[in-house]
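Here the sequence shown is numbered in this note's numbering, starting from 154 and rising by one per residue.
Data first, discussion second: the structure below is written as structure tokens.
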Amino acid sequence: MSDASISRATGSRLLSIGEFSRYAGISVRMLRHYDERGLLTPASVDPFTAYRRYTPDQLRVAGRIRTLRDAGCGIALIAELLPLFAAPEALRERLARHAASLEAAVAELEAQRRLALSLADALDAPWAEVGERIFPAVRTLWLRRTVACYPAEGELWDDLRDLLAHPDGVDPARFGDLVGATYFDEEFRDDDVEMAIWRDYDGPFTARDGFEIVELPEQRVAWTTHRGDFDTISNATETLGAWIAERGLTRTGAPFNVYVVGPGREHDPAKWITEVNVPIA
Numbered sequence: 154m155s156d157a158s159i160s161r162a163t164g165s166r167l168l169s170i171g172e173f174s175r176y177a178g179i180s181v182r183m184l185r186h187y188d189e190r191g192l193l194t195p196a197s198v199d200p201f202t203a204y205r206r207y208t209p210d211q212l213r214v215a216g217r218i219r220t221l222r223d224a225g226c227g228i229a230l231i232a233e234l235l236p237l238f239a240a241p242e243a244l245r246e247r248l249a250r251h252a253a254s255l256e257a258a259v260a261e262l263e264a265q266r267r268l269a270l271s272l273a274d275a276l277d278a279p280w281a282e283v284g285e286r287i288f289p290a291v292r293t294l295w296l297r298r299t300v301a302c303y304p305a306e307g308e309l310w311d312d313l314r315d316l317l318a319h320p321d322g323v324d325p326a327r328f329g330d331l332v333g334a335t336y337f338d339e340e341f342r343d344d345d346v347e348m349a350i351w352r353d354y355d356g357p358f359t360a361r362d363g364f365e366i367v368e369l370p371e372q373r374v375a376w377t378t379h380r381g382d383f384d385t386i387s388n389a390t391e392t393l394g395a396w397i398a399e400r401g402l403t404r405t406g407a408p409f410n411v412y413v414v415g416p417g418r419e420h421d422p423a424k425w426i427t428e429v430n431v432p433i434a
């Protein structure tokens, strides 16, 4: 269809790509890119000059593309979302999922920022001191599960808080101060991590909701203290691993952490104190 025919059909003149770019707030280069990707096809392309022209109505589509782009949507997601403007409820639901993914990305960036700062702070810090001790036997209330990743340990602690919020058969007064987590996988894992959380407890309890009483045996361990949040706790495990190997020792059981001061007691991560333990022989 010729430009004149399109103009008669729409009741308005066509806009050159330069005019359209100015009104839409999108560069000519990006308009050509959106055309190539099928997001915004010009109303008319001259077969001899390749000049692109657009209808005024396409400015609304261009505005939606620009807004979605600025909201962090890539080409594929924009292509998915554009048809949903005709179905507002579906669009709201999909945008909510996109917003949730952005929140996760923000959290990841914040963790990376903290790690960069902690790395800079640690450049002049001495290596953590490693010691050897006998960790005493302890009776614990224990919850063991496979979770998505190491940070998902918080889900287990949430379950313990829920249990204590309805303490039928559990006596909160019988808990001690020992709080910890044990990690059972032979290697570090990026996902599907098997772990247990526990607190020392000398009261009555009938196993339920995955919780049970577990007697932890006396163990000879190598241990060190990690201070701060958990983003850099691998520094402690590196130190322990080197210390154990240099002395010709071997690991004989699942490593475990003791949370001397942890998230449940202190909101400021800089004040957290974790004892990292590896059973040895």
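Where is the CB? At the ideal position from N, CA and C, for every residue including glycine.
Check                                                                                                                                      : Outcome
Under 8 Å Cβ to Cβ from residue 316, same chain only, skipping five residues before and after it: list those, please.                      : 323, 362 and 364
Taking only the alpha-carbon atoms, compute the straight-line gap between residue 358 and residue 352 and give it to the nearest angstrom. : 13 Å
Given a cut-off of 8 Å, decide if residue 272 and residue 232 are closer than it, judged by their beta-carbon atoms.                       : no
What residue range is occupied by the uninterrupted alpha helix (DSSP H) comprising residue 186?                                           : 181-189
Is residue 190 closer than 8 Å to residue 218 when the C-beta atoms are compared?                                                          : no
Taking Cβ positions, are residue 167 and residue 207 nearer each other than 8 Å?                                                           : yes
Hey, is the segment 367-386 in contact with the segment 281-288, meaning 3+ C-beta pairs nearer than 8 Å?                                  : yes
So which of 246, 202 and 251 has the shortest CA-CA distance to residue 225?                                                               : 251
On the criterion of 16 or more Cβ atoms from any shown chain inside 10 Å, does residue 299 qualify as buried, or is it exposed?            : exposed
According to DSSP, what are the bridge partners of residue 285?                                                                            : 375
Which residue marks the beginning of the alpha helix (DSSP H) containing residue 173, and which one marks its end?                         : 170-177
Hey, residue 391 and residue 348 are a contact pair by Cβ (cut 8 Å); roughly how many whole angstroms apart?                               : Not quite, the Cβ-Cβ distance comes to about 20 Å (not below 8 Å), so this is no contact.
Mind checking residue 198: buried by the 16 CB within 10 Å criterion, or exposed?                                                          : exposed
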